[in-house]
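Protein chains in written order, with the numbering used here: chain L, 1 to 221; chain G, 222 to 245.
Even for Gly, the Cβ is constructed at its ideal location relative to N, Cα and C.
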């Protein structure tokens, strides 16, 4: 039931994903979520994910070695997803010292393996920065869980968010975001098998309810 | 230098791609 309705391949499922900033004020912690995919528990009555032809977005990600095209051709195709985020940039938290920018994510899988998580930021389809993290499995409730907890956001991303937030109009932010993408590839560290590949694209949220998203399967018909 | 890309609006994408969900 998960495979057609959530970000899940045959071997790995994304449980949660968030990019946030956090600060302490008057002994209380304030957290603002830029983007967030919360836990879900879909049933057979829920609709299956819509599809997008992967060729429509190849040029938005690196087309060099290790780019989306090469990865998709290697497969497995059921591991490829696109997430359209409507990011919440409405935070009024003051920038500066004492503010922590982080990314947390959680995955669950069927095998006791070590995963490698590569996050590539692309500007105009060209990779500008990459972070590679290694995570080990923890057995929880009969499944293997992988947790990347409060991974610090890189300087490039923090500066990017600052500049984006200071643009006067939302259409200007969306114009910048049109050429900004992130590719996350989770692979088995030993075998290099792709377990999950998520292409992120962005707009700015106009909602009062914070960050929103749509998930699509990437196909090649 | 940046290569000019086809705008996302001109690509074959589902209608929902442009519709921000009300709530998630």
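Within the same chain, 62 and 120 come within 6 Å of residue 127/L by CB-CB distance, once the 5 residues on both sides are set aside. In the three-state scheme derived from DSSP, where H, G and I count as helix and E and B as strand, residue 139/L is classed as strand. Proximity of residue 67/L to chain G, defined by a Cβ-Cβ separation below 8 Å, is not satisfied. Annotated as proximal: residue 15/L and residue 107/L, with beta-carbon spacing under 8 Å. In this chain, residue 176/L is not harboured by any beta strand (DSSP E); it is covered by the alpha helix (DSSP H) spanning 170-177.
For residue 156/L, the three-state secondary structure derived from DSSP is helix. Residues are counted here when their Cβ sits less than 7 Å from a Cβ of chain G; for the segment 39-52 of chain L these are 50 and 52, given in chain order. Around the C-beta of residue 26/L, fewer than 16 other C-beta atoms lie within 10 Å, and the residue is accordingly described as exposed.
Interface criterion not met: the Cβ of residue 231/G is under 8 Å from no Cβ in chain L.
Interface residue (Cβ-Cβ distance to chain G less than 8 Å): residue 221/L is not classified as such.
Residue pairing by DSSP places residue 144/L opposite 109/L and 139/L in a beta bridge.
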